[in-house]
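Here is the structure we will look at, set down as structure tokens.
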Amino acid sequence: MNHLLNASKWKKSISQASSLRLQGNTKYQQRNDAQSLTLYTESIIHAPKDSEELSMALANRSAVLYHMKSYQLCLRDIELALQHGYPDNLKYKLILRRDQCLKNLGRHQEAIESLQKALEDISLDSNTVKKQDLIAALTEARANLKSENKQNPLPEVEIPVPAYGENANLVYASAALDLNCSCTLALYCSDDCRQDSWEQYHQWECAGGLDVMHSIGIAHLGLRVVLKAGPLSTLRARYAELKGKMKEGINSKYGNKSDNYNAVYHLMPHLENMQTEDLFQYATTATMLTLYLRHNTNYFGKDPDLSTLCLVGGLILRHIAQLVCNAHAITKLQTLPPEHEDQQVVTETQERIATAIYPTASMMNHSCDPSIINSFYNDILIVRACKDIPKEAEVFNCYGPHYRRMGQQERQDVLQLQYFFKCTCEPCSLSELQDFQ
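Anchor point for the sequence shown: position 2 equals 2 in UniProt numbering, and the numbering is continuous, going up by one each time.
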């Protein structure tokens, strides 16, 4: 475990950040905004917190954003660069760029106040060109404010920045990055998303453990189920309550949609049906994750007793087993360009981008000829009927094996191996449908 954590390829690196920033400079000089934006963002991702390299990459990215007329994002990067140790002798460049952003947004009073404060704070020789540039910008800002009061012109319209990169994760707002994070994989679509992620689970993953998490597949999600259940004190209380409801009715067991941990907990884990070697692997992984939390994070606090470690490890194991039988693959439609320029037909494929657990959908039984189809909108599972469903009839999902794509024996083998049941749906029972052609 210690070897994996120390050798993590997801750690921040000044040398990597510097290399990416210099590559970004080259692309920026070539007027390639898209690639320079990508490289500067990657540099920011790899730069350690409060390093000069971080502030330089933020400042350089602000120049690209200004050129792309994305003034709000440019202003954000300027402020972040100044907050993270941008060199004093270069600060005047950012102040002038901030002035231009505010001017283009029609915020002339803010520009005046910003320049006045800069002239007071920055130590500049009175005869330097730098100070003269700031004074000239302040004079222009005051003139712009007077002109605005007379004419009231509309400010320049800001052009939104497009998303680039795999799964559009690099939506290049500064809000998409966690500058305080110690790994290079934490990318988010908004401040709220970032904050929720940190509070619910990422603070426990960030201690160099993402190499481990990425190597254990669905067990990573098993850990997240435990972490999202709440802090350790809440988890203990939940478990005591859940044990008392094992024989109660469905409403008492499954809770409500705003807090569905109860529903996840009561999904069938099928531990007793698993192959010995599979169960051993899952138990070993759960133990490893518990030891990771114990020795590399403050999740347990100081000196947890054995019963607490066993509780967390046991719950991780339970959720891993549940996910093997109940996880949903979140997909998106990926359009592939034609192989040759003269071709008009494009290819569309389903790309798996995440794995999630939806306890309500998991309550639907399988049929090789289902009555519903699943689709996704972000992390929301949308269930649509694909045929008429009579009143009070059971709604069937498809766990993967569909009678139009697999023969009957192959379907039975797959379902028995992963879900531990023999399917008796119509296509498996009626001879004319068993092997659809």
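We put the CB at the ideal spot given by N, CA and C, even for glycine.
Residue from the options with nearest C-alpha to residue i
i           : options                               : result
Leu-20      : Asp-50, Arg-61, Arg-31 and Lys-49     : Arg-61
Cys-425     : Pro-370, Val-312 and Leu-75           : Pro-370
residue 448 : Gln-23, Phe-420 and Pro-48            : What is shown of the chain runs 1 to 437, which leaves residue 448 out entirely.
Met-68      : Asn-32, Ile-373 and Asp-196           : Asn-32
Asp-305     : Asp-50, Gln-408, Leu-232 and Ser-13   : Leu-232
Leu-417     : Lys-27, Asp-278 and Leu-65            : Asp-278
Ser-367     : Met-406, Tyr-292 and Tyr-28           : Met-406
Cys-325     : Gln-30, Gly-400, Ser-197 and Leu-433  : Gly-400
Tyr-28      : Leu-65, Lys-49, Ser-15 and Gln-16     : Leu-65
Met-363     : Val-414, Leu-22, Leu-333 and Asn-397  : Asn-397
Ser-375     : Glu-272, Leu-242, Gln-350 and Asn-365 : Gln-350
Glu-205     : Asn-298, Thr-355 and Thr-284          : Asn-298
Leu-188     : His-214, Ser-431, Thr-41 and Lys-302  : Rather than Leu, the amino acid found at residue 188 in this sequence is Tyr. Answer by Cα proximity: Thr-41.
His-220     : Gln-30, Thr-355 and Leu-433           : Thr-355
Inter-residue CB distance, residue i and residue j (contact presumed, cutoff 8 Å)
i           : j       : result
Ser-43      : Ala-57  : 4 Å
Thr-335     : Ile-353 : That pair is no contact at about 14 Å.
Cys-428     : Arg-411 : 7 Å
Val-264     : Val-212 : 23 Å between Cβ atoms; not a contact.
Ala-361     : Leu-381 : 6 Å
Leu-323     : Ile-218 : 5 Å
residue 444 : Ile-357 : Since the first residue of the chain shown is 1 and the last is 437, residue 444 is not available in this structure.
Asn-262     : Leu-242 : 6 Å
Ala-111     : Lys-103 : 6 Å
Ile-216     : Thr-285 : 5 Å
Own chain partners of residue i with C-beta closer than 8 Å, once the 5 adjacent residues on each side are dropped
i           : result
Ala-59      : Asp-77, Ile-78, Ala-81, Tyr-86, Leu-90, Lys-93 and Leu-94
Leu-311     : Leu-235, Arg-236 and Tyr-239
Glu-166     : Low confidence applies to Glu-166: its pLDDT is 38, below 50, so where it sits in the model is not reliable, and the reading given next is rough at best. Answer for Glu-166: no residue qualifies.
Lys-387     : Ser-371
Arg-294     : Phe-300, Pro-304 and Leu-309
Glu-53      : Ile-14, Ala-17, Ser-18, Arg-21, Ser-43 and Ala-47
Val-346     : Thr-335, Leu-336, Pro-337 and Pro-338
Glu-392     : none
Asn-365     : Glu-394, Phe-396 and Asn-397
residue 461 : Residue 461 lies beyond the range of the chain shown here (1 to 437); nothing can be said about it.
Gln-100     : Tyr-66
Nonlocal neighbours in the same chain, by C-beta distance under 6 Å from residue i, ignoring five residues either side
i       : result
Leu-289 : Leu-223 and Ile-316
Ser-13  : His-46
Asp-379 : none
Trp-198 : none
Ala-173 : Summary for Ala-173: the model assigns pLDDT 42, below 50, so the residue's position carries little reliability, and this model does not support an answer.
Spatial neighbours of residue i in its chain, beta-carbon cut-off 7 Å, leaving aside the 5 residues before and after
i       : result
Gln-200 : Leu-227 and Lys-228
Gly-314 : none
Ser-55  : Ala-81, His-84, Gly-85 and Tyr-86
Val-414 : Gly-400 and Pro-401
Asn-260 : Pro-359
Ser-51  : Ile-14
Gln-203 : none
Ser-307 : none
Lys-422 : Gln-412 and Gln-416
Gln-23  : Leu-39
Asn-273 : Phe-420
Ala-385 : Ser-371 and Ile-372
### Message
Could you check whether the segment 317-326 touches the segment 181-188, counting it as contact only if at least three pairs of C-beta atoms, one from each stretch, sit closer than 8 Å?
### Response
The answer is no - the segment 181-188 does not touch the segment 317-326, with fewer than three Cβ pairs under 8 Å.
### Query
Does the segment 25-37 touch the segment 69-76, meaning 3 or more C-beta pairs lie closer than 8 Å?
Under the three-pair Cβ rule at 8 Å, the segment 69-76 does not count as touching the segment 25-37.
### Every unbroken alpha helix (DSSP H) within the segment 19-54, with a cutoff of 4 residues, ordered by chain
Look at the segment 19-54 and you find these whole runs of alpha helix (DSSP H), each 4 residues long or longer: 33-46.
### Minimum length 4: unbroken alpha helix (DSSP H) runs contained in the segment 268-312
Listed in chain order, the complete alpha helix (DSSP H) runs (minimum 4 residues) inside the segment 268-312 are 276-296.
### Message
At 3 residues or longer, what runs of the beta strand (DSSP E) sit wholly inside the segment 367-431?
### Response
Annotation: the segment 367-431 contains the following complete segments of the beta strand (DSSP E) (minimum length 3 residues), in chain order: 372-377 and 380-385.
#### Entry: Sequence ranges, alpha helix (DSSP H) only - wholly within the segment 60-124, length at least 4
71-83, 91-104 and 108-121
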